[in-house]
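Using UniProt numbering, you'd call the opening residue of the sequence shown number 1 and step up by one each time.
In what follows, a structure is listed as structure tokens, so that the remarks can point back to it.
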Amino acid sequence: MLPWLLGLVIFQAGPMIASLVLSFTEYDLIGSPAFVGFDNYRRMMEDPQVARSVYNTAYYTVLHVPLAIGLALVLALMLNRITGRAAGVFRTIFYLPSMTPYVAVGVLFLFLLNGQAGVVNQFLALFGIDGPQWTTDPAWIKPGIVLMSLWNLGSTTIILFAALRNVPGELYEAALIDGAGPWQRFRGVTLPMISGALFFVVIINTIASLQLFDQVYTMFFGNQIAQQSYGDSALFFVVYLFQQGFQFLDMGYASALAWLLFAVIAVITFVQVKVGNRFVYYEAEER
Numbered sequence: 001m002l003p004w005l006l007g008l009v010i011f012q013a014g015p016m017i018a019s020l021v022l023s024f025t026e027y028d029l030i031g032s033p034a035f036v037g038f039d040n041y042r043r044m045m046e047d048p049q050v051a052r053s054v055y056n057t058a059y060y061t062v063l064h065v066p067l068a069i070g071l072a073l074v075l076a077l078m079l080n081r082i083t084g085r086a087a088g089v090f091r092t093i094f095y096l097p098s099m100t101p102y103v104a105v106g107v108l109f110l111f112l113l114n115g116q117a118g119v120v121n122q123f124l125a126l127f128g129i130d131g132p133q134w135t136t137d138p139a140w141i142k143p144g145i146v147l148m149s150l151w152n153l154g155s156t157t158i159i160l161f162a163a164l165r166n167v168p169g170e171l172y173e174a175a176l177i178d179g180a181g182p183w184q185r186f187r188g189v190t191l192p193m194i195s196g197a198l199f200f201v202v203i204i205n206t207i208a209s210l211q212l213f214d215q216v217y218t219m220f221f222g223n224q225i226a227q228q229s230y231g232d233s234a235l236f237f238v239v240y241l242f243q244q245g246f247q248f249l250d251m252g253y254a255s256a257l258a259w260l261l262f263a264v265i266a267v268i269t270f271v272q273v274k275v276g277n278r279f280v281y282y283e284a285e286e287r
């Protein structure tokens, strides 16, 4: 266990403790840290950009998590119906987007969502729909980012697919004998039996949504001139944290922002665990 413990201390626990200490200082990465007490945390309460970035992040999370899990479940149900050699091929195809670098995905969707020549708006035009300006209109930027994030559902789909494969077939047979229809079998057998996996993907997708950074920064913050056209509509919390730490070299304030994010994620995860355990079926508890 020693190599793992060293990695934990050096690359995770150590930097976390260091950032906690820095959150009580004013530090520009050049001079020595100067202790300022709780000034950075008081500053967060008065910073309008913090409120804006929190709103954008919450907006994205509320939209992305249910849409991503719902679509991943549909894909997993489709995979579960495929048999033979084609099953492995389709599982690979569905998982491949998860291996694409986030920066590449951001650049790709910057072109796909282009308001004038993007493929998405060209597709909508086939049905007589005038597509919005996904990357410049403040009202459509966050929905466009949600649409982009649905590209990467491979991991969630495979987790739910594995859960579906573990549902005992005799339960479906018993439900069929009792006269249960497709929706009744799905609601009464499938959902309870995969509730543990659903609970898990809800938590990990929520955490990932609150930490969104790579794709958004690639799409919207590489061009400062373009950034002026949409204001703060794409300013997510981790993007603002990154700006404070590495653009403005205010590492003390950035560390305080990081610990705020850590606290928010911890609280949300705690609530999810407490609430989710009431609805999750654990087969071991029935024995």
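Ideal Cβ placement from N, Cα and C applies to all residues, glycine included.
* To do: Assuming residue 306 and G196 form a contact by the criterion Cβ under 8 Å, report the distance between their Cβ atoms to the nearest whole angstrom.
  => The structure shown does not extend to residue 306, since the chain is modelled only from 1 to 287, so the question has no answer here.
* Best match in A180, I69, G245 for proximity to W151 [C-alpha to C-alpha] -> If you number the sequence shown from 1, residue 151 lands on position 151. If we check each option's Cα against that of W151, I69 comes out closest.
* For F270, does the three-state DSSP call read helix, strand or coil? -> Within the sequence shown, numbered from 1, the residue matching residue 270 stands at position 270. Of the three classes helix, strand and coil, the one that applies to F270 here is helix, per DSSP.
* Nonlocal neighbours in the same chain, by C-beta distance under 8 Å from L20, ignoring five residues either side -> Numbered from 1 along the sequence shown, position 20 holds the residue referred to as residue 20. Around L20: S255, W259.
* Asked: Quick one: what's A34 bridged to in DSSP?
  -> Within the sequence shown, the letter at position 34 stands for residue 34. Bridge partners of A34: E26.
* Alpha-carbon spacing of L110 relative to M219, whole angstroms -> In the sequence shown, residue 110 corresponds to position 110, counting from 1. In the sequence shown, residue 219 corresponds to position 219, counting from 1. Distance between the alpha carbons of L110 and M219: 6 Å.
* Whether V105 touches L113 by CB criterion (8 Å) -> For the purposes of this step, residue 105 is identified with residue 105 of the sequence shown, where counting begins at 1. For the purposes of this step, residue 113 is identified with residue 113 of the sequence shown, where counting begins at 1. No, Cβ-Cβ distance for V105 and L113 is not below 8 Å.
* Asked: When you compare only the Cα positions, how much space is there between L22 and G252?
  -> Translated into the one-based positions of the sequence shown, residue 22 becomes position 22. Translated into the one-based positions of the sequence shown, residue 252 becomes position 252. C-alpha separation (whole angstroms): 5 Å.
* By how many angstroms is the C-alpha of F213 removed from the C-alpha of A263? -> Here residue 263 refers to the residue found at position 263 when the sequence shown is read from its first residue. Here residue 213 refers to the residue found at position 213 when the sequence shown is read from its first residue. When rounded, the distance between both Cα atoms is 18 Å.
* Thinking C-alpha only, which one of A34, T269, G7, G31 is nearest A208? -> Within the sequence shown, residue 208 is the residue found at index 208, counting from 1. The residue with the shortest Cα to Cα distance from A208 is T269.
* Asked: Roughly how many whole angstroms lie between the Cα atoms of G14 and F24?
  -> One-based indexing of the sequence shown puts residue 14 at position 14. One-based indexing of the sequence shown puts residue 24 at position 24. About 16 Å.
* Asked: Can V65 and T206 be called in contact, C-beta distance under 8 Å?
  -> As a first step, residue 65 is located in the sequence shown; it is residue number 65 there, counting from the start. As a first step, residue 206 is located in the sequence shown; it is residue number 206 there, counting from the start. Yes; because the gap between Cβ atoms is below 8 Å, this pair is in contact.
* Nearest CA to the CA of I265: which residue from N56, L241, I204, Q243? -> Position 265 of the sequence shown, counting from 1, holds the residue named residue 265. Of the candidates N56, L241, I204, Q243, the one whose C-alpha sits nearest the C-alpha of I265 is I204.
* Would you decide whether I225 is buried or exposed? Buried here means 16 or more other CB atoms lie within 10 Å of its CB. => As a working note, residue 225 is residue 225 in the sequence shown. Residue placement at I225 cannot be trusted, given a pLDDT of 45 that sits under 50; what the coordinates show is reported in the next sentence. I225 comes out exposed.
* To do: Pull up the distance between the alpha-carbon of Q272 and that of I93, whole angstroms please.
  => Numbered from 1 along the sequence shown, position 272 holds the residue referred to as residue 272. Numbered from 1 along the sequence shown, position 93 holds the residue referred to as residue 93. Each residue's alpha carbon lies about 31 Å from the other.
* R287, buried or exposed, once every other Cβ within 10 Å from all chains shown has been counted against 16 -> The residue given as residue 287 occupies position 287 in the sequence shown. Confidence is the limiting factor: at R287 the pLDDT is only 47, short of 50, which leaves the residue's position unreliable and the question unanswerable from this model.
* In chain order, what residues of the same chain have a beta carbon less than 7 Å from the beta carbon of G37, not counting five sequence neighbours either side? -> For this step, residue 37 is matched to residue 37 along the sequence shown. These residues qualify, in order along the chain: F24.
* Run through DSSP, which three-state label would residue 340 get? -> Because residue 340 is not part of the residues shown, which for the chain are 1 to 287, the question remains open.
* Test item: CB-CB of L198 and F237 under 8 Å -> If you number the sequence shown from 1, residue 198 lands on position 198. If you number the sequence shown from 1, residue 237 lands on position 237. No; because the gap between Cβ atoms is not below 8 Å, this pair is not in contact.
* **Rounded C-alpha distance that separates N40 from I17** => Locating residue 40 in the sequence shown gives position 40, where the first residue counts as 1. Locating residue 17 in the sequence shown gives position 17, where the first residue counts as 1. Rounded to the nearest angstrom, the two C-alpha atoms are 17 Å apart.
* Asked: Considering Y60, what are the terminal residues of the alpha helix (DSSP H) in which it resides?
  -> Indexing the sequence shown from 1 puts residue 60 at position 60. Unbroken alpha helix (DSSP H) run through Y60: 48 to 81.
* Asked: What three-state label does DSSP hand I194 in the structure shown?
  -> Taking the sequence shown and counting its residues from 1, one reaches residue 194 at position 194. Residue state, collapsed to three classes: coil.
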